[in-house]
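One structure is given here, and the rest of the page talks about it.
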Amino acid sequence: MLIHFIHPGSAYLPELAAYGDFLAALGHSAQVHSRPASVPADAVICWWMCGRVPHDAARRLSHAFHIHEYASASVPPWPKVKDRAKRALQPVPQYRLFQNTWVRDRLGFSDGVPYEFRDMGVEPSFLATCARRAAPEFDGVYLGDMQRLRQFVPLLTALQQAGQRTLLIGEPPVDLRKTLHTLGHVTGRVPHGQVPTLLRRARYGLNLVPDQLPYSQQTSTKLIEYCAAGLPVVSTDYDWVRAFEARHGARFAYLPIPDMAGCVVPDVSTLAWPRVLERLALWRRLGLCP
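Numbering (the numbering used here), first residue to last: 33 to 322.
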């Protein structure tokens, strides 16, 4: 079976590679499309990484089984308006996936379409780094979207003034490039396979997430990746991180004055992508596994 994943946006989605690997292990295959028009007319399964699903594309592919996956709710500005628009204007699929119950409730679909939850996972290669950590060259490391660092420039400045060396993994936006290069060592965009090695160059992972919806209720993939690589976590304080800490028996240090004493790095092996994906009932619904 060939599953067509449609992802017209620019966001990096590590789950797409995880889906491809998982399906290949089952003897199936995946194809990723950046444009709905490239999905062939005889497609059997269309998996939309939502985003807006165009009605003309849904009609052209009306014979296919459609899955709408919502890994997050809408972000500012006007997030509630965007979510209401999705609820009112999206074509109705045969199945939906949501990251968690908060995302489902926020989007508020009430049309009876079957659904389940698919949380974020971590590449197994991250877990393999735990026993191979070298002496760290940096104090903290930040991994992820650097657009979100705008409000954390004062924090990075304070870390630098305290003598902390920070590694920033990713590509900064143009208007932040000069500032971030003065506050840490910026790697630029790197292949995902190189990230575990880069994480090992630091003593702890920086989980900088604003206490603002929807971020405060959604999974921090970078935090899971820090834990998988064996790094203690220094974090901003918000609902999701506290719930994750309690659920996994972790202990994190919290800003603005983190106390690293007693930090506990949890075992996140159950969050490796193959184990996350094998729990989906959807595969049996599609007849792709026994």
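Cβ atoms here follow ideal geometry from the backbone N, Cα and C, with glycine treated the same way.
Every unbroken alpha helix (DSSP H) within the segment 72-126, with a cutoff of 4 residues, ordered by chain: 87-92, 111-121
8 Å Cβ cutoff met for residue 40 and residue 67: Along the sequence shown, read from residue 1 onward, the residue named residue 40 stands at position 8. Along the sequence shown, read from residue 1 onward, the residue named residue 67 stands at position 35. Yes.
Sufficient close CB pairs (3 or more, under 8 Å) joining the segment 127-135 to the segment 188-199: no
C-beta contact flag for residue 309 and residue 54 at 8 Å: Against the sequence shown, residue 309 aligns to sequence position 277. Against the sequence shown, residue 54 aligns to sequence position 22. Yes.
Alpha-carbon to alpha-carbon, residue 143 and residue 297: Position 265 of the sequence shown, counting from 1, holds the residue named residue 297. Position 111 of the sequence shown, counting from 1, holds the residue named residue 143. Residue 297 and residue 143: Cα-Cα distance of roughly 41 Å.
Buried or exposed (CB count within 10 angstroms, at least 16 for buried), residue 110: If you number the sequence shown from 1, residue 110 lands on position 78. Exposed, since its Cβ has fewer than 16 Cβ neighbours within 10 Å.
Between the CA atoms of residue 277 and residue 185 - distance to the nearest angstrom: Here residue 185 is taken as the residue at index 153 of the sequence shown, counted from 1. Here residue 277 is taken as the residue at index 245 of the sequence shown, counted from 1. Rounded to whole angstroms, residue 185 to residue 277 spans 26 Å at the Cα level.
Cα-Cα separation between residue 10 and residue 56, rounded to whole angstroms: With the chain running from 33 to 322 in the structure shown, residue 10 is simply not present.
Cβ-Cβ distance between residue 181 and residue 208 below 8 Å: Here residue 181 is taken as the residue at index 149 of the sequence shown, counted from 1. Here residue 208 is taken as the residue at index 176 of the sequence shown, counted from 1. Yes, the pair counts as a contact, with Cβ atoms nearer than the cut-off.
Reference residue 75, options 35, 100, 113, 83, closest by Cα: Within the sequence shown, the letter at position 43 stands for residue 75. Measuring from the Cα of residue 75, the nearest candidate turns out to be 35.
Beta-ladder partner(s) of residue 239, from DSSP: For the purposes of this step, residue 239 is taken as residue 207 along the sequence shown, with counting starting at 1. Paired residues: 267.
Identified DSSP bridge partners for residue 198: Residue 198 sits at position 166 when you count from the first residue of the sequence shown. Answer by DSSP bridge pairing, in chain order: 172.
Contact between the segment 249-256 and the segment 152-159 (3+ Cβ pairs under 8 Å): yes
Nearest to residue 121 (by Cα), restricted to the options 84, 156, 63, 230: Taking the first residue of the sequence shown as 1, we reach residue 121 at position 89. Checking every option, the nearest Cα to that of residue 121 belongs to 84.
Euclidean distance between Cα positions of residue 90 and residue 45: In the sequence shown, residue 90 corresponds to position 58, counting from 1. In the sequence shown, residue 45 corresponds to position 13, counting from 1. When rounded, the distance between both Cα atoms is 22 Å.
Reference residue 299, options 212, 79, 258, closest by Cα: Taking the first residue of the sequence shown as 1, we reach residue 299 at position 267. Closest by alpha carbon: 258.
Contacts around residue 204, its chain only, beta-carbon distance under 7 Å, and the 5 residues preceding and following it disregarded: On the sequence shown, position 172 is the one that residue 204 refers to. Sequence-distant Cβ neighbours of residue 204 in its own chain, meaning closer than 7 Å and more than five residues away, are 178, 212, 218.
Residue 51 vs residue 314 beta-carbon contact at 8 Å: Residue numbering aside, residue 51 sits at position 19 when the sequence shown is read from its first letter. Residue numbering aside, residue 314 sits at position 282 when the sequence shown is read from its first letter. No.
Beta bridge counterpart(s) of residue 283 as assigned by DSSP: Taking the first residue of the sequence shown as 1, we reach residue 283 at position 251. Partner(s): 296.
Residues of its chain near residue 316, where Cβ-Cβ distance is below 8 Å and the 5 sequence neighbours each way are ignored: As a working note, residue 316 is residue 284 in the sequence shown. So the qualifying residues of the chain are 322.
Whether residue 136 touches residue 147 by CB criterion (8 Å): Here residue 136 refers to the residue found at position 104 of the sequence shown. Here residue 147 refers to the residue found at position 115 of the sequence shown. Contact: yes.
Residue 261 beta carbon less than 8 Å from that of residue 170: Here residue 170 corresponds to residue number 138 of the sequence shown, with the count starting at 1. Here residue 261 corresponds to residue number 229 of the sequence shown, with the count starting at 1. Contact: no.
Beta bridge counterpart(s) of residue 225 as assigned by DSSP: Numbered from 1 along the sequence shown, position 193 holds the residue referred to as residue 225. In the DSSP output, where bridge partners are listed per residue, residue 225 has none listed.
Distance CB(residue 279)-CB(residue 295) smaller than 8 Å: The residue given as residue 279 occupies position 247 in the sequence shown. The residue given as residue 295 occupies position 263 in the sequence shown. Cβ distance not < 8 Å, so residue 279 and residue 295 don't count as in contact.
For residue 249, the three-state DSSP class (helix, strand or coil): In the sequence shown, counting from the first residue as 1, residue 249 sits at position 217. Residue 249 falls in the helix class under three-state DSSP.
Residue 246 beta carbon less than 8 Å from that of residue 105: Here residue 105 refers to the residue found at position 73 of the sequence shown. Here residue 246 refers to the residue found at position 214 of the sequence shown. Against a cut-off of 8 Å, the Cβ pair of residue 246 and residue 105 comes out as a contact.
Cα-Cα separation between residue 71 and residue 228, rounded to whole angstroms: Working through the sequence shown from its first residue, we reach residue 71 at position 39. Working through the sequence shown from its first residue, we reach residue 228 at position 196. C-alpha separation (whole angstroms): 34 Å.
Chain-order list of residues whose beta-carbon lies under 6 Å from that of residue 254 (same chain, five-residue window excluded): Your numbering for residue 254 matches position 222 in the sequence shown. Result list for residue 254: 175, 176, in chain order.
Limits of the alpha helix (DSSP H) - the one that residue 148 falls within: As a working note, residue 148 is residue 116 in the sequence shown. No alpha helix (DSSP H) contains residue 148, which is instead part of the beta strand (DSSP E) from 147-149.
Residue environment, residue 302, which counts as buried when at least 16 other CB atoms sit within 10 Å: Mapped onto the sequence shown, residue 302 falls at position 270. Exposed.
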